[in-house]
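Chemist: Line order of the protein sequences matches chains D and L.
So the first sequence is numbered by the working numbering: it starts at 452 and just counts up by one.
So the second sequence is numbered by the working numbering: it starts at 21 and just counts up by one.
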Amino acid sequence: MKNENLYNYILGIADNSLILGQRLGELTGHGPSLETDIACTNISLDLFGQVRSYFQYAAKIAGDDRTEDDIAMLRKERDYKNVLLVEQPNTNFAYTMARQFLFDVYHLAFLSELQKSTDLTLSAIANKCIKEVSYHERFSSDWIKRLGDGTEESKVKMQEAIDGLWTYTDELFHQTEADKAMVAEGIGVDVTKLKDAYYARVNEILEEATLEIPESKWFQKGGKEGIHTEHMGYLLAELQYMQRAYPNMEW
Amino acid sequence: MTTEEQNIDEILIPILEKVSDPEIPVLSIMDMGVVRSAVIKNNSVNVKITPTYSGCPAMDVIGDDIKLALKQAGYESKIELILHPAWTTDWITPRGRKALEDYGIAAPLDAEADKDVLLNGKRIVKCTNCGSTNTRLVSQFGSTACKAQFQCDDCQEPFDYFKCLK
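Here's what the structure looks like:
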């Protein structure tokens, strides 16, 4: 493939949205209340819509007969390059919202930079997505505050969720080979530069939510290289089931 | 036309106006502002449409409906989905806003007022049932990605508010 770095770069971005969208989609009909159920699935829908734009573009770059659906549904686990954070399970609603919040703050900062990409398709997608993601970030940060500064029990649960997921945050700022190549060409975002503002924003919300900022300096990584946590296989089994069982199925 | 980027052959306007948003049937896609360009070339029409939200499931249906409407009028057509410039609620026409209100969906306010409503709980969205502004946000996400849920504290009617997207 002529543009292999660009192709891999797009998949790296899109896989985060795909896998997080799949996690949120699991809540369809299972949310803690009607409103939160609808909100989570709305966010899921936004993310899947964004994924389609990225994968359609990636399929065009690949230039062979693969389609957006092939890219989404038919890769093996090692070929998905999403960060570990987004594949973590919906342990409870505090985890679901903490995962969302820790990703949304990053996602918003990332898209804001991607809008400046010299690749016009990527900048147009970013320009479109950022409006949706700013709603996501409002929603998830509201819930961090409501549960953190809520009842005794909700505070304990939200603190556990933040502590449990904190170890996956640093990976957001790791650069892959495709990242480096794309940054050099003015197409990609230098994620290392987003880190300080990210933790400043996250800490600000955690403080407002009367939660403790985790002190652990030990971080997990691997998703960007395709080395995933144990949860990923189960997630993919469900995501890919229909395409594996009924190849080329459309709806 | 609402914006300068729009480029639609006049003869096609009445045809496209008959195509409606499948999720808000009272609203024509023209009043929604999703048709950005429609140009006839050798009896074939090139149509460019833009999604309201990335994941809007109505876009595929809208594309099919446009093709059908044009076919019935004797034109072949090609539909292209474009992302730039990104759709904004400012492109909904005054007639479109009225259709939304009549249908029971509060039309989007301007960006500042929208923030006051969704973030600070300000009571300024007009109830589509009784007209009172004594209304409150129930959820930032409603029955579709583009709407938020509200309830009127005077007549108790629940209703959707079309979120401002800019």
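Built from N, CA and C at the ideal position, the CB exists for glycine as well.
Note that the structure is predicted; figures quoted are calculated from it, not measured.
Distance, Cα to Cα, A560 (chain D) vs P540 (chain D)?
Modeler: Residue 560 (chain D) sits at position 109 when you count from the first residue of the first sequence. Residue 540 (chain D) sits at position 89 when you count from the first residue of the first sequence. Cα to Cα, the separation comes out at about 24 Å.
Chemist: Just checking: is the beta-carbon of F161 (chain L) within a distance shorter than 8 Å of some beta-carbon in chain D?
Modeler: Along the second sequence, read from residue 1 onward, the residue named residue 161 (chain L) stands at position 141. Yes, F161 (chain L) lies at the interface with chain D (some Cβ there is under 8 Å from its Cβ).
Chemist: Thinking just about the alpha-carbon of each residue, which of L:Q169, L:K98, L:K118 is nearest to the one in N62 (chain L)?
Modeler: Along the second sequence, one-based indexing puts residue 62 (chain L) at 42. For N62 (chain L), the closest C-alpha among the options L:Q169, L:K98, L:K118 is that of L:K98.
Chemist: Does the Cβ-Cβ distance between I28 (chain L) and T70 (chain L) come in under 8 Å?
Modeler: Indexing the second sequence from 1 puts residue 28 (chain L) at position 8. Indexing the second sequence from 1 puts residue 70 (chain L) at position 50. No, Cβ-Cβ distance for I28 (chain L) and T70 (chain L) is not below 8 Å.
Chemist: Nearest CA to the CA of I638 (chain D): which residue from D:E564, D:D520, D:T487?
Modeler: Start at 1 with the first residue of the first sequence, and residue 638 (chain D) comes out as number 187. I638 (chain D) has its Cα closest to that of D:E564, out of D:E564, D:D520, D:T487.
Chemist: On the premise that L686 (chain D) lies in contact with E519 (chain D), defined as a C-beta separation below 8 Å, what is that separation, rounded to the nearest angstrom?
Modeler: Your numbering for residue 519 (chain D) matches position 68 in the first sequence. Your numbering for residue 686 (chain D) matches position 235 in the first sequence. The pair is not a contact, with the Cβ atoms about 19 Å apart (cut-off 8 Å).
Chemist: Output, in chain order, the set of chain D residues within a Cβ distance shorter than 9 Å of G75 (chain L).
Modeler: Within the second sequence, residue 75 (chain L) is the residue found at index 55, counting from 1. Going along chain D in sequence order, the residues near G75 (chain L) (Cβ under 9 Å) are G472, N493, S495, L496, D497, L498, F499, G500, Q501, V502, R503, E583.
Chemist: The beta strand (DSSP E) with N66 (chain L) in it runs from where to where?
Modeler: Walking along the second sequence from the start, residue 66 (chain L) turns up at place 46. N66 (chain L) -> beta strand (DSSP E) spans 64 to 69.
Chemist: Quick one: list the residues of chain L neighbouring N578 (chain D), beta-carbon separation under 9 Å, in chain order.
Modeler: On the first sequence, position 127 is the one that residue 578 (chain D) refers to. Ordered by position in chain L, the residues that pass the 9 Å Cβ test against N578 (chain D) are L103, H104, P105, A106.
Chemist: If the cut is a Cβ gap below 8 Å, which residues of chain L does I486 (chain D) touch?
Modeler: On the first sequence, residue 486 (chain D) is found 35 positions in, with the first residue counted as 1. The question names Ile, but residue 486 (chain D) is Glu in the sequence shown. Simply V158, S159, F161, Q169.
Chemist: If we call anything under 8 Å between Cβ atoms a contact, is L598 (chain D) one with K608 (chain D)?
Modeler: If you number the first sequence from 1, residue 598 (chain D) lands on position 147. If you number the first sequence from 1, residue 608 (chain D) lands on position 157. Closer than 8 Å, so yes.
Chemist: Helix, strand or coil, according to DSSP, for R526 (chain D) in the structure here?
Modeler: Here residue 526 (chain D) is taken as the residue at index 75 of the first sequence, counted from 1. The answer is coil: DSSP assigns R526 (chain D) none of H, G, I, E or B.
Chemist: For the segment 584 to 600 of chain D, list every residue whose C-beta sits within 7 Å of some C-beta in chain L, in sequence order.
Modeler: Contacts with chain L (Cβ-Cβ distance below 7 Å) from the segment 584 to 600 of chain D involve Y586, R589, F590, listed in chain order.
Chemist: Roughly how many whole angstroms lie between the Cα atoms of T22 (chain L) and A635 (chain D)?
Modeler: Residue mapping note: residue 22 (chain L) aligns to position 2 of the second sequence, counting from 1. Residue mapping note: residue 635 (chain D) aligns to position 184 of the first sequence, counting from 1. Residue placement at T22 (chain L) cannot be trusted, given a pLDDT of 44 that sits under 50; the coordinates are not used to answer.
Chemist: Among the candidates D:I595, D:M524, D:F624, whose CA atom is the shortest distance from the CA of M693 (chain D)?
Modeler: The residue labelled residue 693 (chain D) in the question sits at position 242 within the first sequence. Comparing Cα positions, the closest option is D:M524.
Chemist: Could you confirm whether any beta carbon from chain A is found closer than 8 Å to the beta carbon of L185 (chain L)?
Modeler: Looking at the structure shown, chain A is missing, and the protein chains on hand are D and L.
Chemist: Quick check on DSSP: helix, strand or coil for M21 (chain L)?
Modeler: As a working note, residue 21 (chain L) is residue 1 in the second sequence. Caution applies to M21 (chain L), whose pLDDT of 40 falls short of 50 and renders its modelled position unreliable; the value that the coordinates give is listed next. Three-state result, M21 (chain L): coil.
Chemist: Go to Q507 (chain D), then tell me how far its alpha helix (DSSP H) extends in each direction, as first and last residue.
Modeler: On the first sequence, residue 507 (chain D) is found 56 positions in, with the first residue counted as 1. For Q507 (chain D), the enclosing alpha helix (DSSP H) begins and ends at 485 to 513.
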